[in-house]
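The block underneath contains the structure these notes are about, expressed in structure tokens.
2 protein chains.
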Amino acid sequence: MKEFGIGIDIGGTTVKLGIFKTTGEIVEKWEIKTRKEEEGKFVMPDIANSICEVTKKLNISLDNVEGIGLGVPGPVLEGGVVNRCVNLGWGVLNIEEKLSHLLNGIKVKAANDANVAALGEMWKGGGQGFKNVVFVTLGTGVGGGIIINEKVINGAFGAGGEIGHIQISASETESCGCGKKGCLEQYASATGIVRQCEKLLENSEYNSKLKDIQPLTAKAIFDAAKDGDKVAIEAVEFLGETLGTALSHIACVIDPEVFVIGGGVSKAGDMLIETVKKHYIKTAFHASRGADFRLATLGNDAGIYGAVRLVL
Amino acid sequence: MKEFGIGIDIGGTTVKLGIFKTTGEIVEKWEIKTRKEEEGKFVMPDIANSICEVTKKLNISLDNVEGIGLGVPGPVLEGGVVNRCVNLGWGVLNIEEKLSHLLNGIKVKAANDANVAALGEMWKGGGQGFKNVVFVTLGTGVGGGIIINEKVINGAFGAGGEIGHIQISASETESCGCGKKGCLEQYASATGIVRQCEKLLENSEYNSKLKDIQPLTAKAIFDAAKDGDKVAIEAVEFLGETLGTALSHIACVIDPEVFVIGGGVSKAGDMLIETVKKHYIKTAFHASRGADFRLATLGNDAGIYGAVRLVL
């Protein structure tokens, strides 16, 4: 194994890059802008140029780099083919071949960004010490990544770990971003808990502090719940019930050692973990009830850690 | 690789055994009784003796056997430890070590019987040609097995593929055998469809032929549905909806290439497949909608095929 590896997390606004020792220590991290114009044709060349610049500055030869891992905000098939990535403007593109070609044939491995973040959290974050990890990220949406025996499950159609789209309610009338109705993401995301709480406030005569907060946020709801606000507690319980139920479904499929929960909503900390775990235990198959629940620890760096882990 | 392998499927009534060429052709198959008395202490010695007898008869030296695979009706942890197997009377037992010890240190690999059957169907049955397979068996209960990249997913607590216990209804009042309420098994098994159909018959004024059939069976319901009986059709649709929804949950986790459906209920054939697939497509994440649906083909032999595949 060579001395260095590079992890890259491509987002819709910025590309995060990191150079690591192959032992896992980070050497340098930086960001560049994601230029999405002209069907995202500048994204890969910009990445290649930036890597050349920074490695040169650090006096690291590309010959001493084991490989480059890429996290991409869309489905990635085995072999590195991205099949339409709306956020970046890409059509069908083999990004592993593309970047390798731009950097003298260096080894490149790509996977979906949430799956890559899962790998990062397993390796150096909240899932450290485990080999079978379900990572859940609760942000604007609900993302996920499945790790079995230290390997990312990409899925046959690149949809492995798309747990935000598990159907939780058959009677939902509003649509999810994916076009279906009743997805987990509509209830357990930051926007989901706000939507649910607004409904509860409308129908409640309880004098909730949340009635004065505009715009309502997931943080405000968790803070109020910690202060004993009844409507806020109800909203948090509802999130816990939908997410706990979905995680119990996942356990009936792959029976993981640990669930690691990250994303903005996870800043709610122990209250979130305890509520989700309580509902999980109610609906999980008995053998799987011992699964651990942890908070993610790497924040926005999970992607670059997981990406470099793809090539190590 | 040596010339032969042995696959064993341990059931509560009989043990099925098969000697295979390592290329996959079956050489001989036979059954012995499962002696469950005295906490199942005779099961493993009976198996070892029977193997010695039959291999001797066939003039096959154990030195020319690559290994023995075991399917067990209960959870099996990595390393071959069975953690209570109620059907056989076993407590905590390392069955890989036990059988290996009885047969001169031969290589033994064990896994849960439904997971092993899944491997058999992938290798030589309905899932042939695929590497990422979800196997569902619809019998008295609902069992399952998950294969990713040709490997069985046993799970951290031996509960990988326990898809019969995915919670489908939070409002169910009757209990599942596992102690929870509202498990898939309560709706999509042979007993589940009969239970559901009996409820529909009670509340229907339609002159269903099924009112005269005692006891009602899954086969009678599917036959009547094929003849256009409205209550039977409703019961089949309900099974399709619950199973299709559960399979869409599974697809959001591991995104398989194919679902292979076996067990007694699968004798209903195309009508079952078409109904399940129709409901699956409604609730599945768009990227996973292209997954294939196939009928299992190995019947009761799936276990011995999958078991031997464990050691090849």
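Protein chains in written order, with our numbering: chain H, 979 to 1290; chain C, 979 to 1290.
Here a beta-carbon is modelled for each residue, glycine too, at the ideal position from N, C-alpha and C.
So H/Val1286 packs on H/Phe1108, CB below 8 Å; how close in whole Å?
About 19 Å separates the two Cβ atoms, so there is no contact after all.
For C/Glu1191, report the span of its beta strand (DSSP E) as first-last.
Strictly speaking, residue 1191 of chain C in this sequence is Ile, with Glu absent from that position. That residue, C/Ile1191, is in no beta strand (DSSP E); it is neither H nor E in DSSP.
Looking at the structure shown, is C/Gly1103 part of a helix, part of a strand, or coil, going by DSSP?
Residue state, collapsed to three classes: coil.
Does H/Pro1234 pass the burial test, meaning 16 or more other C-beta atoms within 10 Å, or should it be called exposed?
Buried: at least 16 other Cβ atoms inside 10 Å.
Cβ of C/Asn1132 less than 9 Å from any chain H Cβ?
Chain H, which has a Cβ nearer than 9 Å to the Cβ of C/Asn1132, makes this yes.
Sequence-distant residues of the same chain with beta carbon closer than 7 Å to C/His1227, five excluded per side:
Contacts found: Ile1144.
Which listed residue (C/Gly1281, C/Asn1082 and C/Leu1288) has its alpha carbon closest to that of C/Lys1007:
Closest in C-alpha terms to C/Lys1007, from the list C/Gly1281, C/Asn1082 and C/Leu1288, comes C/Gly1281.
Anything in chain C within Cβ reach of H/Ala1095, meaning under 7 Å, just list it in chain order.
In chain order: nothing, as chain C lies at least about 16 Å away.
Apply the 10 Å Cβ neighbour rule to C/Gln1164 and answer buried if 16 or more other Cβ atoms are within range, or exposed otherwise.
Around the Cβ of C/Gln1164, a 10 Å sphere holds 16 or more other Cβ atoms; the residue is buried.
On the DSSP letters alone, give me the boundaries of the alpha helix (DSSP H) that C/Val1021 sits inside.
Looking at the DSSP string, the run of the alpha helix (DSSP H) that includes C/Val1021 is Val1021 to Lys1035.
Name, please, each residue of chain H whose Cβ falls closer than 9 Å to the Cβ of C/Asn1042.
Going along chain H, no residue has its Cβ under 9 Å from C/Asn1042, so there is no contact; the nearest lies around 31 Å.
Which bits of chain H does C/Thr1223 rub up against, with CB to CB less than 9 Å?
One finds Gln1145 and Ala1148 in chain H with Cβ atoms closer than 9 Å to the Cβ of C/Thr1223, taken in chain order.
Are the stretch 1055-1072 of chain C and the stretch 1080-1090 of chain C in contact at 8 Å, needing three or more beta carbon pairs?
The stretch 1055-1072 of chain C is in contact with the stretch 1080-1090 of chain C.
Stretch-stretch touch, CB-based, cutoff 8 Å, three pairs: the stretch 1098-1108 of chain H with the stretch 983-1003 of chain C
Three or more beta-carbon pairs separated by less than 8 Å are not found between the stretch 1098-1108 of chain H and the stretch 983-1003 of chain C, which leaves the two stretches without contact.
Between C/Val1231 and chain H, is there a C-beta pair that is closer than 9 Å?
Taking Cβ atoms only, chain H reaches closer than 9 Å to C/Val1231, which makes this a yes.
Do C/Gly1084 and C/Gly1119 have their C-beta atoms closer together than 9 Å?
A small correction: the amino acid at residue 1084 of chain C is Ile; Gly does not occupy that position in the sequence shown. Inclusion of C/Ile1084 and C/Gly1119 in the CB contact set at 9 Å is not warranted, their separation being larger than that value.
Proximity below 9 Å, CB of C/Lys1204 to CB of C/Ser1186
When the beta-carbon positions are compared, C/Lys1204 and C/Ser1186 stay at least 9 Å from each other.
With distances taken between CB atoms, is the gap from H/Cys1230 to C/Gly1142 smaller than 9 Å?
The answer is yes: Cβ separation under 9 Å.
Contacts that H/Pro1193 makes with chain C (C-beta to C-beta distance below 9 Å)
None at all; the shortest Cβ gap to chain C is about 29 Å.
Around the Cβ of C/Lys1197, are there at least 16 other Cβ atoms within 10 angstroms (buried) or fewer (exposed)?
Classification for C/Lys1197: exposed.
Paired residues, beta bridge with H/Glu1009 - DSSP:
According to DSSP, which records beta bridges pairwise, H/Glu1009 is partnered with H/Lys994.
Helix, strand or coil at H/Cys1161 according to DSSP, with G and I counted as helix
H/Cys1161 falls in the strand class under three-state DSSP.
Mark H/Gln1174 as exposed unless 16 or more other C-beta atoms lie within 10 angstroms of its C-beta, in which case mark it buried.
H/Gln1174 counts as buried, since no fewer than 16 other beta carbons sit within 10 angstroms of its beta carbon.
Are the beta-carbon atoms of H/Lys994 and H/Asn1278 separated by less than 9 Å?
Going by C-beta atoms, H/Lys994 is nearer than 9 Å to H/Asn1278.
Give me the subset of the stretch 1257-1284 of chain C whose CB atoms are less than 8 Å from a CB atom of chain H, sorted by chain position.
Flagged, chain order: Thr1261, Phe1263, His1264, Ala1265, Ser1266, Gly1268 and Ala1269.
So does the stretch 1254-1261 of chain H actually touch the stretch 1124-1140 of chain H, counting three or more Cβ pairs closer than 8 Å?
They do not touch, by the three-pair rule.
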